[in-house]
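Quick mapping for you: the protein sequence lines, in order, are chains A and B.
When we follow this note's numbering, the leftmost residue of the first sequence carries the number 665, and every step to the right adds one.
When we follow this note's numbering, the leftmost residue of the second sequence carries the number 57, and every step to the right adds one.
We put the beta carbon where it would ideally sit given N, CA and C, even for glycine.
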Amino acid sequence: MAPRKLLLQLAAVALLAGAQPAQADFYVVVHASNPQRTLTQKEAVDLFMGRSRAFANGDFALIFDLPRDHPRRAAFYQALTGMSVAQVNSYWSRLMFSGQSVPPQALPDETAVAGILRRNPSALGWLSKEPTDAGLRTVLVIKEASAK
Amino acid sequence: MSVQTLARLIRGLLAGAAVAAVTAAAGGAQAQDADPHVAAPSLRLSGFGSVGLSHVDAPAGWGYRREVTQGGSDERWRHDVDTRLGVQLNYSLGSRFELVAQAIARKRGAYAGDGDALEWAYAAYRPNADWTLRVGRVNLDAFLMADYRNVGYGFMAARPPVELYATLPTTLDGGDIARSWFQGDAQWRAKLMVGTAQIGDFHTAEPGRVRDVVGLMLSREEGGLLLRASGARTRIELDLSSTQAAIDALGQLRSLPIPAVAEQAQALRDRLGVSAIWATFLELGLRYERADWQWSAEVVRISAAPLVKQSSAYATVGHRLGDWTPYIGYGHTRDAMPVTPMPAWQAVLTPVLGPAGAVQSQMLGTLITDAVNRSRVHQSGWSVGARWDFHPQAALKLQWDRIHVHAGGPGLWTNAEGSAGRANVATAVVDFIF
Chain A
665 MAPRKLLLQL
675 AAVALLAGAQ
685 PAQADFYVVV
695 HASNPQRTLT
705 QKEAVDLFMG
715 RSRAFANGDF
725 ALIFDLPRDH
735 PRRAAFYQAL
745 TGMSVAQVNS
755 YWSRLMFSGQ
765 SVPPQALPDE
775 TAVAGILRRN
785 PSALGWLSKE
795 PTDAGLRTVL
805 VIKEASAK
Chain B
57 MSVQTLARLI
67 RGLLAGAAVA
77 AVTAAAGGAQ
87 AQDADPHVAA
97 PSLRLSGFGS
107 VGLSHVDAPA
117 GWGYRREVTQ
127 GGSDERWRHD
137 VDTRLGVQLN
147 YSLGSRFELV
157 AQAIARKRGA
167 YAGDGDALEW
177 AYAAYRPNAD
187 WTLRVGRVNL
197 DAFLMADYRN
207 VGYGFMAARP
217 PVELYATLPT
227 TLDGGDIARS
237 WFQGDAQWRA
247 KLMVGTAQIG
257 DFHTAEPGRV
267 RDVVGLMLSR
277 EEGGLLLRAS
287 GARTRIELDL
297 SSTQAAIDAL
307 GQLRSLPIPA
317 VAEQAQALRD
327 RLGVSAIWAT
337 FLELGLRYER
347 ADWQWSAEVV
357 RISAAPLVKQ
367 SSAYATVGHR
377 LGDWTPYIGY
387 GHTRDAMPVT
397 PMPAWQAVLT
407 PVLGPAGAVQ
417 SQMLGTLITD
427 AVNRSRVHQS
437 GWSVGARWDF
447 HPQAALKLQW
457 DRIHVHAGGP
467 GLWTNAEGSA
477 GRANVATAVV
487 DFIF
């Protein structure tokens with residue numbers, strides 16, 4: 665990524681962060697046609713942490729995430745698992761480099777995640793704003809963890 | 057790696073890739089998903105590495121190493137113990153098929169083959185979300201950290217406890233089939249492994265082949281507690297061509313009418329003449345991560361008498377304080393095969409073989425006994441250190457090891473005497489992933 669683009673994105677993120685309340689929720693989202701109505705937090709942890717690969721009906725889930733160095737990603741995993749970003753990365757390095765599982769595919773930003781979720785019935789992702797789009801369904805809301 | 061192994065590896069890979077391609081084509085025709093993101097193959101390049109510097113304070117000449125596939129040297133400042141670079145390619149064809157290759161550059165023993173740099177190369181097939189079948193060169197999942205022992209960023213300490221991890225076999229040329237399932241909140245995993253691997257001290261001799269490996273692994277994870285057990289049965293094959301003359305000479309001494317000499321010669325010959333032997337690996341492991349505490353402990357038993365009857369164990373505990381994780385660990389390993397007593401044959405053999413023959417036989421007995429005892433492993437050590445997660449993809453570790461090598465147990469070191477020894481190893485290592 666070009667430094668200029670990165671800088672712009674960081675600025676955008678900083679603006680967003682400033683504009684939003686300090687405590688935001690995270691929305692775990694699927695395509696509206698996905699038969700999965702809701703997810704428990706445990707099921708979401710299993711999916712995002714590579715423990716399970718499928719929705720309740722057995723279909724493979726295609727899981728999407730933000731890049732490893734995205735600031736919202738750290739907050740999401742802290743809220744989802746209680747783990748710091750370093751712990752999450754260390755955990756994934758164990759799975760990834762032992763061939764057990766590959767981390768969720770990273771997309772550049774939440775707009776891209778929402779776009780994929782809208783198009784793909786097997787996709788699973790998370791957003792930090794509640795989707796208003798009829799093509800998407802929220803299956804779980806996670807409260808942002810209070811800062812330690 | 058031998059030509060046959062390479063050929064087998066390539067055949068395995070091709071077979072896996074062919075199966076993947078055919079089934080992908082068949083599945084693609086009736087694909088439920090028109091979206092390009094489902095079917096589109098994706099290629100991911102990732103990697104890991106460590107840059108380490110250790111100060112080794114050990115008896116003169118002794119060479120420290122973290123695994124016996126490495127060479128050692130008696131230099132005080134060492135950068136080659138932990139330093140390594142790994143690169144991995146994952147090529148996914150949808151959710152069901154994946155090709156994975158991983159290569160690692162690191163210090164290796166003089167007898168390591170060029171192909172050893174290829175850590176894995178396999179084709180994976182997932183018929184559904186619970187089953188995984190892999191063919192090619194895979195990791196031998198017979199130990200808690202075996203899968204990621206080279207990925208420093210993935211574990212807490214500077215290196216996996218040498219008392220247990222130094223002597224393990226290399227990766228498996230073959231395949232495995234794994235199933236994972238949930239029972240309540242617990243996730244279970246079971247894996248069956250078959251294939252061949254290499255084992256031995258790559259610094260001093262041609263590695264032995266571990267053939268017909270059949271291993272089973274069962275693990276259960278719930279609420280941060282991982283419990284696992286594994287067992288493997290395998291045939292170890294050693295190349296005796298370089299020691300055949302000595303074995304023959306011991307055979308002649310064995311038939312002498314002097315019981316003390318004959319008995320010792322017989323015992324030495326039994327030990328040295330092992331060319332193929334069945335071995336059993338048994339393992340129990342535990343990892344517990346809860347709140348800011350991280351515990352891990354493991355026990356391994358390798359039974360391959362008269363070659364080795366090794367029992368190894370370690371325990372490590374760390375406590376996270378923000379970005380810092382101080383930790384302490386203890387490891388111990390011991391070969392239950394006794395130290396071979398030094399033969400004293402010269403005096404009793406002189407009347408029978410004459411002075412020259414007696415001296416020669418004595419030298420032979422001394423040399424072989426020395427070599428046998430040098431390969432024996434009996435060692436324990438404390439590790440104290442701290443991990444600093446200074447970056448989301450990198451960590452610095454500072455570690456101090458206090459090692460006690462027991463008499464007749466220096467096998468984890470290079471060029472070590474059979475006498476007892478103590479060593480201090482101070483290490484600073486930066487581990488990263490990309």
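- Burial is judged here by how many other beta carbons sit within 10 angstroms of a residue's own beta carbon; Gln-751 of chain A has at least 16 and is buried.
- Three or more beta-carbon pairs separated by less than 8 angstroms link the region 710-730 of chain A to the region 752-766 of chain A, which places the two stretches in contact.
- Under DSSP, the beta-bridge partners assigned to His-460 of chain B are B:Ser-436 and B:Arg-478.
- When the beta-carbon positions are compared, Val-395 of chain B and Arg-346 of chain B stay at least 8 angstroms from each other.
- Beyond the five residues adjoining it in sequence on each side, Arg-265 of chain B comes within less than 7 angstroms, by CB distance, of Thr-252, Gln-254 and Glu-293 in the same chain, given in chain order.
- Under the three-state reduction of DSSP output, Pro-225 of chain B falls in the coil class, being neither helix nor strand.
- Apart from the 5 residues on each side of it in sequence, Gln-243 of chain B sits with its Cβ closer than 8 angstroms to the Cβ of Ser-236, Trp-237, Arg-276, Glu-277 and Glu-278 in its chain, given in chain order.
- Of all residues in the region 741-760 of chain A, the ones placed with a Cβ closer than 7 angstroms to any Cβ belonging to chain B are Val-749, Ala-750, Asn-753, Ser-754, Ser-757, Arg-758 and Met-760, in chain order.
- Distance from the CA of Gly-287 of chain B to the CA of Met-713 of chain A, rounded to the nearest whole angstrom, comes to 27 angstroms.
- Residue-level contact check: Tyr-221 of chain B does not touch chain A, since none of the beta carbons of chain A fall below 8 angstroms from its beta carbon.
- For the set B:Gly-169, B:Leu-340, B:Gly-231 and B:Leu-312, the Cα lying nearest the Cα of Arg-193 of chain B is the one of B:Gly-231.
- Under the DSSP assignment, Ile-358 of chain B falls in the beta strand (DSSP E) whose first and last residues are 349-360.
- For Gln-158 of chain B, the enclosing beta strand (DSSP E) covers residues 153-162.
- For Ile-780 of chain A, no pairing in a beta bridge is given by DSSP.
- Contact between Gln-742 of chain A and Ala-787 of chain A does not hold, since the beta-carbon distance rounds to 23 angstroms and is not under 8 angstroms.
- Counting along the chain, the unbroken alpha helix (DSSP H) around Met-760 of chain A starts and ends at 749-760.
- For Asp-457 of chain B, the CB contacts under 6 angstroms within the same chain, skipping 5 residues up- and downstream, are Gly-437, Ser-439 and Val-481 in chain order.
- Neighbourhood of Tyr-209 of chain B in chain A, by CB distance below 8 angstroms: Asn-753, Ser-754 and Ser-757, in chain order.
- Taking the CA atoms as reference points, Tyr-120 of chain B sits about 52 angstroms from Asp-689 of chain A.
- When the Cα atoms are used, Leu-711 of chain A and Leu-283 of chain B turn out to be separated by approximately 21 angstroms.
- Residue range 735-745 is occupied by the alpha helix (DSSP H) that includes Ala-738 of chain A.
- Residues are counted here when their Cβ sits less than 9 angstroms from a Cβ of chain A; for the region 137-168 of chain B these are Gly-142, Gln-144, Asn-146, Ser-148, Gly-150, Ser-151, Arg-152, Glu-154, Val-156 and Gln-158, given in chain order.
- The Cβ atoms of Ile-358 of chain B and Phe-337 of chain B sit closer than 8 angstroms to each other.
- In the three-state reduction of the DSSP assignment, Tyr-204 of chain B falls in the helix class, which pools H, G and I.
- For Thr-389 of chain B, the uninterrupted beta strand (DSSP E) segment begins and ends at 380-391.
- Per DSSP, Met-419 of chain B is not a residue of any beta strand (DSSP E); the alpha helix (DSSP H) it occupies stretches across 402-430.
- Ala-180 of chain B is not a Cβ neighbour of Arg-164 of chain B, given a cutoff of 8 angstroms.
- For Gln-769 of chain A, the residues of chain B that pass the 8 angstroms Cβ criterion are Ser-98, in the order they occur in the chain.
- In this structure, Ala-185 of chain B places its C-beta atom within 8 angstroms of the C-beta atom of Phe-724 of chain A.
- For Trp-351 of chain B, there are no C-beta contacts with chain A under 8 angstroms, since the nearest C-beta of that chain is about 15 angstroms from it.
- Ala-213 of chain B and Gly-103 of chain B have their alpha carbons spaced roughly 19 angstroms apart.
- In the DSSP annotation of this structure, Glu-345 of chain B is not part of any alpha helix (DSSP H); the continuous beta strand (DSSP E) holding it starts and ends at 332-346.
- Taking 8 angstroms as the threshold, the shortest C-beta distance from Arg-715 of chain A to chain B falls below it.
- Only those residues of the region 327-356 of chain B whose C-beta falls short of 9 angstroms from the nearest C-beta of chain A are listed: Glu-345 and Ala-347.
- Proximity of chain A to Trp-176 of chain B at the Cβ level (cut-off 7 angstroms) is accounted for by Gly-763, in chain order.
- Annotation: Cβ neighbours of Arg-732 of chain A in chain B (cutoff 8 angstroms, chain order): Pro-448 and Gln-449.
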